[in-house]
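Okay, so here's the structure we're looking at.
Protein chains: 2
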Amino acid sequence: MKLDRQQKRTTIYDLAELAGTSASAVSAVLNGNWKKRRISKQLAEKITRIAEEQGYALNMQASLLRREKSHIIGMIVPKYDNRYFGSIVELFETMARDKGFFPLITCTRRDPALEIEAARAMLSYQVDCVIATGATDPDRVTELCAAAGVRTINLDLPGKLAPSIISDNFAGARELTRRILVSCQHRFGSMEPLMFVGGRGGDHNTMERLRGFRQAHADHEIHLDDDRVIACGYAPEKAQSALMERATSGLPFSKGMFVNSTITLEGVLRWVRLAGPVSEQEFALGCFDYDPLVALLGDNIEMVRQDVPAMLARMFELIEHGNFEPNVSEIPPVLR
Amino acid sequence: MKLDRQQKRTTIYDLAELAGTSASAVSAVLNGNWKKRRISKQLAEKITRIAEEQGYALNMQASLLRREKSHIIGMIVPKYDNRYFGSIVELFETMARDKGFFPLITCTRRDPALEIEAARAMLSYQVDCVIATGATDPDRVTELCAAAGVRTINLDLPGKLAPSIISDNFAGARELTRRILVSCQHRFGSMEPLMFVGGRGGDHNTMERLRGFRQAHADHEIHLDDDRVIACGYAPEKAQSALMERATSGLPFSKGMFVNSTITLEGVLRWVRLAGPVSEQEFALGCFDYDPLVALLGDNIEMVRQDVPAMLARMFELIEHGNFEPNVSEIPPVLR
DNA sequence: AAATCTTGCTTCATCGATTGAGCAAATGCG
DNA sequence: CGCATTTGCTCAATCGATGAAGCAAGATTT
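First to last, the sequence lines map onto chains A and B.
What the first sequence shows, in the working numbering, is residues 86 to 421, in sequence order.
What the second sequence shows, in the working numbering, is residues 86 to 421, in sequence order.
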């Protein structure tokens with residue numbers, strides 16, 4: 086890799102030499118506490134000018150080595166390429182910056198090994214705090230970080246060892262299910278039990294959404310068999326092939342479907358396309374996730390939007406109050 | 086901010102003490118060149134074991150301070166919350182990691198000031214290289230980095246001072262326009278001139294796409310007035326209000342539209358919704374961008390997918406060959 | 001047996017910024 | 001004028017990891 090530096094970087098010692106002063110004075114001026122260190126205004130201005138002329142950039146590595154807190158805040162995220170996590174990451178960066186943190190983000194593509202590796206890398210970079218978003222094994226991350234004295238917060242998926250901020254999956258799923266059922270009633274004249282597609286049976290969110298899904302059926306006194314639930318994972322391909330199999334299996338099939346994320350929705354729609362004569366107009370879909378373009382194009386697709394701004398606001402609140410008790414904050418999602 | 090470290094971190098000195106050896110030996114063992122430094126296998130194993138027991142994590146700040154290359158590779162990106170940039174960032178991270186780099190990514194929300202600030206922060210973190218993706222002023226970034234001896238590469242939008250990797254916007258736009266025109270022919274029986282919505286008149290991609298747009302009209306001998314072009318920026322709100330105005334302005338309006346990104350498409354579709362009786366079925370849309378859900382749901386929406394894997398492959402090729410000549414690589418986009 | 005080589009470590013300076021301690025000159029006070 | 005205080009700065013240790021240089025003990029050669 087030919088990435089050799091072109092020239093040596095300017096340091097505070099170079100600046101000190103040019104200004105005819107000491108590195109210590111330069112440091113004090115450039116990091117803003119020259120008043121506290123009783124540097125004269127003249128010298129401060131001179132140093133600032135020379136630093137600018139020389140295009141000086143602080144060596145963060147050296148600086149952080151001396152300081153106790155890095156103000157780096159790490160976030161581990163399963164995917165970028167998705168409107169939900171994309172908006173989490175984008176807003177997280179903005180808010181972190183506003184609050185004086187330096188955000189360090191890593192995408193783990195739902196790979197548990199990468200999650201741990203990423204956490205380890207963050208510890209090496211001396212992060213002050215790690216946010217584990219949608220982590221497969223958040224407690225593992227918490228343990229690892231705790232060993233280095235670093236606090237963690239879980240986002241989107243909860244853990245037992247650190248505070249967790251998640252959507253109110255039960256209430257959201259119950260209401261979403263209700264809406265799909267109503268839509269079935271309107272469009273097909275009857276309320277059949279729905280199918281539940283996507284997610285992992287073991288993950289907390291899927292379990293809670295299933296509970297809401299079941300509750301909504303119970304609310305309408307609709308009997309729901311367990312075999313209507315297809316928790317085949319989130320990936321589009323898995324949903325697609327699961328539906329393919331299902332359709333040819335002889336098991337009962339529903340026109341109404343609860344889809345567990347836009348990622349999964351992609352697979353469901355692809356299946357609809359391939360399924361031939363039937364268009365998505367023939368289905369009543371609901372998705373526990375939000376995508377503005379789907380909201381505009383999918384006429385029969387109900388959506389639940391997780392309240393990302395509220396979740397992140399709550400997260401920074403916890404950080405600011407130093408509240409790291411392992412309890413769960415449930416944020417109500419938004420239905421359009 | 087209550088993010089105080091819980092306990093002191095384990096250092097190589099602690100490990101040295103525990104192992105009854107020197108910090109230097111510990112360092113040699115843990116960074117893998119103990120053979121070169123002639124440390125015995127026994128001691129190496131002992132140190133490794135103790136390091137593991139203690140949950141030791143390298144202090145990257147200290148390590149980087151000593152090394153000449155950081156192997157950190159920075160990327161500046163305008164948005165995360167978008168399928169195109171989302172996939173760029175996700176694939177960039179994966180590829181960078183595979184090639185032994187540590188990816189550091191910052192989102193600037195198309196704010197030129199933030200772009201510069203982000204570049205400066207990256208220099209502070211001693212990045213070996215900066216990728217400016219879709220930057221408003223890539224040359225400014227290149228100049229800033231060059232002053233610190235750091236190379237840059239432009240992605241998505243070209244600059245004059247560093248190598249640039251962009252889509253073949255002209256060819257892509259020409260073909261996309263052709264397809265929209267053909268679709269108009271099929272669906273409405275005639276080929277009217279299309280409208281061009283979104284993008285900034287000054288940006289290279291928009292200019293090239295406009296050139297392709299015009300060429301395709303010329304190919305079909307369709308006269309195109311300049312007032313069919315609405316380069317109102319990328320933001321959905323801007324496109325929406327621009328179309329609103331346009332519709333009531335008395336200027337000619339087309340059923341066929343070339344939309345400059347999925348971000349802009351959001352505004353166009355929102356306008357279609359509000360425009361009342363007319364549904365998007367009444368339009369022939371084409372979008373210079375790709376979103377899998379739009380591809381599935383938007384029956385009348387042609388899409389051009391920029392070839393992100395090819396662009397990034399080319400980018401890492403440049404890095405590996407140390408090729409930092411300021412020339413432009415055009416990557417053909419993919420039409421479905 | 002002396003000379004040389006090899007093995008397996010340790011010592012110490014270094015990277016660049018930070019900060020407590022210290023010191024000389026200027027100023028204030030009685 | 002003499003002493004205390006304030007002002008404006010410098011010195012030097014330090015953060016943790018790295019690696020060149022050095023050194024002692026054992027192995028090998030002549």
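Glycine included, each C-beta is placed from N, C-alpha and C at the ideal position.
Note that the structure is a prediction, hence the values are computed from the model and not measured.
Are any of the Cβ atoms in chain A nearer than 9 angstroms to that of B/GLN146? yes
Could you name the residues of chain A that B/TYR210 contacts, counting a contact when the two beta carbons are closer than 7 angstroms? The answer, in chain order, is MET145.
Of all the CB atoms in chain B, is at least one closer than 9 angstroms to the CB of A/TYR375? no
Mind pulling the alpha helix (DSSP H) runs of 4 or more residues that sit fully within the stretch 120-159 of chain B? 126-138 and 145-151
Alpha helix (DSSP H) containing B/VAL393: first to last residue? 393-405
Top-ranked residue by Cα proximity to A/ASN408, from A/ASP166, A/GLN92, A/THR96 and A/ILE250: A/ILE250
With a 10 Å radius around its C-beta and 16 neighbouring C-beta atoms as the bar for buried, classify A/THR333 as buried or exposed. Exposed, because fewer than 16 other Cβ atoms sit within 10 Å of the Cβ of A/THR333.
Which residues of chain B have a Cβ atom closer than 8 angstroms to the Cβ of A/VAL379, listed in chain order? Simply LEU378 and LEU382.
When you compare each of A/HIS302, A/THR349, A/LEU261 and A/ALA198 to A/SER326 by their alpha carbons, which one comes out closest? Comparing Cα-Cα distances from A/SER326 to each of A/HIS302, A/THR349, A/LEU261 and A/ALA198, the minimum goes to A/THR349.
Which residues, in order along the stretch 212-242 of chain B, keep a beta-carbon less than 9 angstroms from a beta-carbon of chain A? ASP213, CYS214, LEU229, ALA231, ALA232, ALA233, GLY234, VAL235 and ARG236
Option nearest A/ARG264 by Cα separation, candidates A/PRO223, A/PHE298 and A/ALA108: A/PHE298
Please classify B/TYR98 as buried or exposed, where buried requires at least 16 other C-beta atoms within 10 Å of its C-beta. Answer is exposed; the Cβ neighbour count stays below 16.
Counting only beta-carbon atoms, is B/PRO248 nearer than 9 angstroms to chain A? no
Bridge-paired residues (DSSP) for B/PRO188: B/ILE158
Please determine if the stretch 256-270 of chain B and the stretch 385-393 of chain B are in contact, where contact requires at least 3 C-beta pairs separated by less than 8 angstroms. yes
Under the DSSP definition of a beta bridge, which residues are partnered with B/MET388? B/CYS372
Unbroken alpha helix (DSSP H) run spanning B/VAL174, endpoints: 168-183
Tell me whether B/GLN348 sits in a helix, a strand or coil according to DSSP, three-state version. Looking at the sequence shown, residue 348 of chain B is not Gln but Ile. In this structure, B/ILE348 counts as helix in the three-state DSSP scheme.
With DSSP collapsed to three states, give me the class of A/ILE307. coil
Take every Cβ of the stretch 161-173 of chain B, pair it with every Cβ of the stretch 371-382 of chain B, and state whether three or more of those distances are shorter than 8 angstroms. Of all C-beta pairs linking the stretch 161-173 of chain B to the stretch 371-382 of chain B, three or more are shorter than 8 angstroms, placing the two stretches in contact.
If we ignore side chains and look at the alpha-carbon of each, how far apart do A/TRP356 and B/LEU381 end up? 10 angstroms
Helix, strand or coil at A/MET280 [DSSP, three-state]: DSSP places A/MET280 in strand when its eight states are reduced to three.
Of the residues A/GLY283, A/ALA256, A/ALA369 and A/GLN300, the one placed nearest A/ASN385, counting alpha carbons only: Considering only alpha carbons, the answer is A/ALA369.
Per DSSP, the bridge partner or partners of A/LEU246: According to DSSP, A/LEU246 bridges with nothing at all.
8 angstroms Cβ shell around A/LEU420 - same chain, five flanking residues per side excluded: GLY257, GLU260, LEU261, ARG264, GLU387, MET388, VAL389 and ARG390
Given a cut-off of 9 angstroms on the beta-carbon distance, is the pair A/GLY341 and A/GLY371 in contact? yes
Cutoff 8 angstroms; reference A/VAL162; Cβ partners in own chain excluding five residues on either side: Same-chain partners within the cutoff: PHE170, ILE173, VAL174, ILE190, THR191, CYS192, THR193, THR218 and GLY219.
Through-space distance from B/ARG313 to A/LEU143, alpha-carbon basis: 49 angstroms
Would you list the residues sitting across from B/SER414 in a DSSP beta bridge? B/ILE250
Same chain only: Cβ atoms within 6 angstroms of B/LYS323, ignoring 5 sequence neighbours per side: CYS317
Please report the distance separating the alpha-carbon of A/HIS406 from that of A/ASN239. 16 angstroms
In whole angstroms, give me the CA-to-CA distance for B/GLN92 and B/LEU403. 44 angstroms
So what does B/VAL314 bridge to, in DSSP terms? B/PHE281
Close Cβ partners of B/ILE132 (< 6 angstroms) along its chain, the five nearest in sequence each way excluded: ALA104, VAL111 and VAL114
Give the straight-line distance between the Cα atoms of A/VAL344 and B/PRO243, rounded to the nearest whole angstrom. 40 angstroms
Between the alpha carbons of B/SER109 and A/GLU153, how many angstroms are there, rounded? 24 angstroms
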